[in-house]
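Residue numbers (this note's numbering), protein chains in the order written: chain A, 304 to 649; chain B, 304 to 649. Don't be surprised by glycine CBs; every beta carbon is placed ideally from N, CA and C.
Protein chains: 2
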Amino acid sequence: MANTLKNDLLIRACRQQPVERTPVWIMRQAGRYLPEYQAVRAKSDFMTMCRTPELAAEVTLQPVDIIGVDAAIIFSDILVIPEAMGMGLSFHEGRGPAFESPIRSRSDFARLREINAEQDLSYMLDALKLVRRELNGRVPLIGFAGAPWTLASYMVEGQGSRNFIEIKRMMYSEPALLHELLDRLSDAVIDFLTAQIAAGAQVVQVFDSWAGILPPQYFQVFSLPYLRKVVDGIKGLGVPIIVFAREAGHSFDQLSEIGADVLSVSWTEDLAEARTAVGDKVALQGNLDPCALFSTPEVIEREVKDVLRKAGSGGGHVFNLGHGILPKTPVDNVKALIEFVAKHSG
Amino acid sequence: MANTLKNDLLIRACRQQPVERTPVWIMRQAGRYLPEYQAVRAKSDFMTMCRTPELAAEVTLQPVDIIGVDAAIIFSDILVIPEAMGMGLSFHEGRGPAFESPIRSRSDFARLREINAEQDLSYMLDALKLVRRELNGRVPLIGFAGAPWTLASYMVEGQGSRNFIEIKRMMYSEPALLHELLDRLSDAVIDFLTAQIAAGAQVVQVFDSWAGILPPQYFQVFSLPYLRKVVDGIKGLGVPIIVFAREAGHSFDQLSEIGADVLSVSWTEDLAEARTAVGDKVALQGNLDPCALFSTPEVIEREVKDVLRKAGSGGGHVFNLGHGILPKTPVDNVKALIEFVAKHSG
Numbered sequence: 304m305a306n307t308l309k310n311d312l313l314i315r316a317c318r319q320q321p322v323e324r325t326p327v328w329i330m331r332q333a334g335r336y337l338p339e340y341q342a343v344r345a346k347s348d349f350m351t352m353c354r355t356p357e358l359a360a361e362v363t364l365q366p367v368d369i370i371g372v373d374a375a376i377i378f379s380d381i382l383v384i385p386e387a388m389g390m391g392l393s394f395h396e397g398r399g400p401a402f403e404s405p406i407r408s409r410s411d412f413a414r415l416r417e418i419n420a421e422q423d424l425s426y427m428l429d430a431l432k433l434v435r436r437e438l439n440g441r442v443p444l445i446g447f448a449g450a451p452w453t454l455a456s457y458m459v460e461g462q463g464s465r466n467f468i469e470i471k472r473m474m475y476s477e478p479a480l481l482h483e484l485l486d487r488l489s490d491a492v493i494d495f496l497t498a499q500i501a502a503g504a505q506v507v508q509v510f511d512s513w514a515g516i517l518p519p520q521y522f523q524v525f526s527l528p529y530l531r532k533v534v535d536g537i538k539g540l541g542v543p544i545i546v547f548a549r550e551a552g553h554s555f556d557q558l559s560e561i562g563a564d565v566l567s568v569s570w571t572e573d574l575a576e577a578r579t580a581v582g583d584k585v586a587l588q589g590n591l592d593p594c595a596l597f598s599t600p601e602v603i604e605r606e607v608k609d610v611l612r613k614a615g616s617g618g619g620h621v622f623n624l625g626h627g628i629l630p631k632t633p634v635d636n637v638k639a640l641i642e643f644v645a646k647h648s649g
Numbered sequence: 304m305a306n307t308l309k310n311d312l313l314i315r316a317c318r319q320q321p322v323e324r325t326p327v328w329i330m331r332q333a334g335r336y337l338p339e340y341q342a343v344r345a346k347s348d349f350m351t352m353c354r355t356p357e358l359a360a361e362v363t364l365q366p367v368d369i370i371g372v373d374a375a376i377i378f379s380d381i382l383v384i385p386e387a388m389g390m391g392l393s394f395h396e397g398r399g400p401a402f403e404s405p406i407r408s409r410s411d412f413a414r415l416r417e418i419n420a421e422q423d424l425s426y427m428l429d430a431l432k433l434v435r436r437e438l439n440g441r442v443p444l445i446g447f448a449g450a451p452w453t454l455a456s457y458m459v460e461g462q463g464s465r466n467f468i469e470i471k472r473m474m475y476s477e478p479a480l481l482h483e484l485l486d487r488l489s490d491a492v493i494d495f496l497t498a499q500i501a502a503g504a505q506v507v508q509v510f511d512s513w514a515g516i517l518p519p520q521y522f523q524v525f526s527l528p529y530l531r532k533v534v535d536g537i538k539g540l541g542v543p544i545i546v547f548a549r550e551a552g553h554s555f556d557q558l559s560e561i562g563a564d565v566l567s568v569s570w571t572e573d574l575a576e577a578r579t580a581v582g583d584k585v586a587l588q589g590n591l592d593p594c595a596l597f598s599t600p601e602v603i604e605r606e607v608k609d610v611l612r613k614a615g616s617g618g619g620h621v622f623n624l625g626h627g628i629l630p631k632t633p634v635d636n637v638k639a640l641i642e643f644v645a646k647h648s649g
């Protein structure tokens, strides 16, 4: 399917093939910083937007049309998997997502429903199909899922957390139960990403947003093996795989060997050092500080040049932020970012 | 003064001298996990406790008596410097500290009062003198201050922050103003630590709690030079200096060369890799995950042995957590921790 794309820069950069210029997309690019997104969101709650393919498609396409990014990423949330497992997800304004009944014991774990993505997450697959049709090859479409460790962290904590005491308690005191949960989630993620690719996703990204709450030696035990399992499970499907293990730069070397095509680098890490750590085994994605977009075009241009310089000329590079774009980011600065990436990488 | 100490393990470990066993203290050891602390806190608000030498001394001594740590650290807060500068500090239960008028412009900066620690922070100096007297040489007394970058972050944000947009905006858009603020804060920190040492502090720790919100290249510009200035300013006073640049492991190598005696290592970093990065140039402090204390004595013993093994036998090691102890930590587990450190390092 990739050869029907009018703009396949992202696909080629992920595969470390030559590109005319560095492709750029933005984590959370379909989001609150855009007035056009806010207009849709004002009429529907977050989960309704996720569950309604027409609404999800509309906001997915906005940054392609308005900002000019080189990829669309389907509008959804990593928590749709635990939600489908029956965990009772709700979103509270200002407090983030929360689950009714967190997983704290083996009996909680036993309550989780077995899911099948084709049936239980069909709304997201329908949204992907709709976006693929409406994109009509303009840019590639990215699918995504949460990494097992990050999903488990939300499911055990029950909500966003500052100190992650509950998932750590399980990690230290009941590691066997946690491994069972992680294994189960890995299977669900593989099933879901496989279905997303069948529905039209041309690239997939796995978000291990809470990788950084693990001490390095436990990242090796509770995150890395499940990232590897997920990548193994979808590796043969022919689409590039991006892994974002946020703030796990301590393990770039091992991450570069799990079979992913691209590692996404947090803004808290040095992109040049990441390149040194991984050599040419993978392409890199990132890693502008999202806060830099609150400054001036002059500063943004300087920062873009710095990121491009650190990415180097060998090995693929996908320009992105080093974390999701923040809600009040000025839209003009985002447009300027896209222009500067083109200007200085072309 | 150190030679009058009955237990000078901390002093010797900081100086990388031989010790019979590894000394241990705990960041925030005088704090909410202790019922005896809560009893004092129930009768006085946080700032009243800081400002009343008898109350500050009482809670400072509690962990020495109850837990058996090898050092006392004076009960206070890093924000007493900006408070003395006239920023109107308040503490809201559950929301943390906040300043009435954050520093956002040059005119805000111009409003800051020049301070003199002997006059404006005499309450903390009096508390130090009182604790020194009551300790009577049982263990060393640690003084402390916030690092310039971390103080500036609080002063510009006005409160604890998730994304630190305001301090980043100043960093990207008005770096000259930020440098002036950091320089001014460095002088205040030097003055304050000098006064603390004169008042009886036998070790000092500089807390750069927000070092990790800086992209690595900007840590080099906005934090490291001011840490160096602070260390230079107090280096000649004869007491060991501990620097805790939280989540700035990317710069251990440079941090080991600013003249500090000890680097404190976050739990998000690998202590063995920190040792490799710094060689024997400094002692290391840390770095048990505070969440490990919510597990069982068996797990805590295993984790203690792991930290001690990674600390290695060459170079000094001060056992500590890799961040402050959490409010609901079981006290018995803290006592067990102290015993395990003695058992496995003796």
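Just mark residue i as buried or exposed, buried being the case when its beta carbon has 16 or more other beta carbons within 10 Å.
i: residue 439 of chain B; result: exposed
i: residue 306 of chain B; result: Since pLDDT at residue 306 of chain B reaches only 47, below the 50 mark, its modelled position is unreliable, and no value is offered.
i: residue 351 of chain A; result: exposed
i: residue 564 of chain A; result: buried
i: residue 395 of chain A; result: exposed
i: residue 453 of chain B; result: buried
i: residue 549 of chain B; result: buried
i: residue 616 of chain B; result: exposed
i: residue 347 of chain B; result: exposed
i: residue 637 of chain B; result: buried
i: residue 373 of chain B; result: buried
i: residue 535 of chain A; result: exposed
i: residue 515 of chain A; result: buried
i: residue 579 of chain B; result: exposed
i: residue 455 of chain B; result: buried
Am I right that residue i and residue j are in contact with their C-beta atoms under 8 Å? What's the rounded C-beta distance?
i: residue 489 of chain A; j: residue 533 of chain A; result: 6 Å
i: residue 317 of chain B; j: residue 619 of chain B; result: 6 Å
i: residue 370 of chain B; j: residue 641 of chain B; result: 6 Å
i: residue 329 of chain A; j: residue 377 of chain A; result: Not really, about 14 Å apart at Cβ, beyond 8 Å.
i: residue 551 of chain A; j: residue 509 of chain A; result: Actually they are not in contact, since the Cβ atoms of residue 551 of chain A and residue 509 of chain A sit about 12 Å apart, beyond 8 Å.
i: residue 460 of chain B; j: residue 405 of chain B; result: 6 Å
i: residue 480 of chain B; j: residue 435 of chain B; result: So it is not a contact: roughly 39 Å between Cβ atoms.
i: residue 362 of chain A; j: residue 343 of chain A; result: 6 Å
If you drop the 5 nearest sequence neighbours on each side, which residues of the same chain put their C-beta closer than 8 Å to that of residue i?
i: residue 304 of chain B; result: Any reading at residue 304 of chain B is ruled out, since the residue's pLDDT is 45, under 50, leaving its predicted position unreliable.
i: residue 611 of chain B; result: 325, 620, 622, 644, 647, 648
In chain order, what residues of the same chain lie with their CB nearer than 7 Å to the CB of residue i, ignoring the 5 residues before and after it?
i: residue 606 of chain A; result: 591, 595
i: residue 437 of chain B; result: 360, 364
i: residue 471 of chain A; result: none
i: residue 356 of chain B; result: 426, 429, 430, 433
i: residue 441 of chain B; result: 309, 310, 367
i: residue 639 of chain B; result: 600, 603
Provide the residue(s) that pair with residue i in DSSP beta bridges, ordered along the chain.
i: residue 385 of chain A; result: For residue 385 of chain A, which the question treats as bridged, DSSP gives no partner whatsoever.
i: residue 624 of chain A; result: A:591
i: residue 401 of chain A; result: A:393, A:462
i: residue 444 of chain B; result: B:375
i: residue 438 of chain A; result: In the DSSP output, where bridge partners are listed per residue, residue 438 of chain A has none listed.
i: residue 347 of chain A; result: In the DSSP output, where bridge partners are listed per residue, residue 347 of chain A has none listed.
i: residue 650 of chain B; result: Past the boundaries of the shown model lies residue 650 of chain B; chain B is included only from 304 to 649, so the question cannot be answered.
i: residue 449 of chain B; result: B:510
i: residue 467 of chain A; result: The partner list for residue 467 of chain A (beta bridge, DSSP) is empty, contrary to what the question assumes.
i: residue 322 of chain A; result: In the DSSP output, where bridge partners are listed per residue, residue 322 of chain A has none listed.
i: residue 548 of chain A; result: A:511
i: residue 327 of chain A; result: A:622
Within its chain, find whatever has a CB closer than 6 Å to the CB of residue i; leave out the 5 residues flanking it on each side and keep chain order.
i: residue 421 of chain A; result: 498
i: residue 393 of chain B; result: 401
Near-chain B residues of the stretch 543–570 of chain A - C-beta to any C-beta below 8 Å: Near chain B, meaning a CB-to-CB distance below 8 Å, the residues of the stretch 543–570 of chain A are 550, 552, 553, 570.
Please identify, using Cβ separations under 8 Å, the residues of the stretch 627–644 of chain B that lie next to chain A, in order along the chain. Cβ contacts with chain A come from 629, 631.
The stretch 452–484 of chain A: which residues have C-beta closer than 9 Å to a C-beta of chain B, in chain order? 466, 467, 468, 469, 470, 471, 472, 474, 475, 476
When Cβ atoms are compared, which residues of the stretch 509–532 of chain B fall closer than 9 Å to chain A? 515, 516, 517, 518, 519, 520, 521
Can you list, in chain order, the residues of the stretch 591–616 of chain A whose Cβ is nearer than 7 Å to any Cβ on chain B? 592, 594, 595, 597, 598, 599, 602
Members of the stretch 571–582 of chain A that neighbour chain B once the beta carbon cut-off is set at 8 Å: Only 571, 572, 573, 576 from the stretch 571–582 of chain A bring a Cβ to less than 8 Å from some Cβ of chain B.
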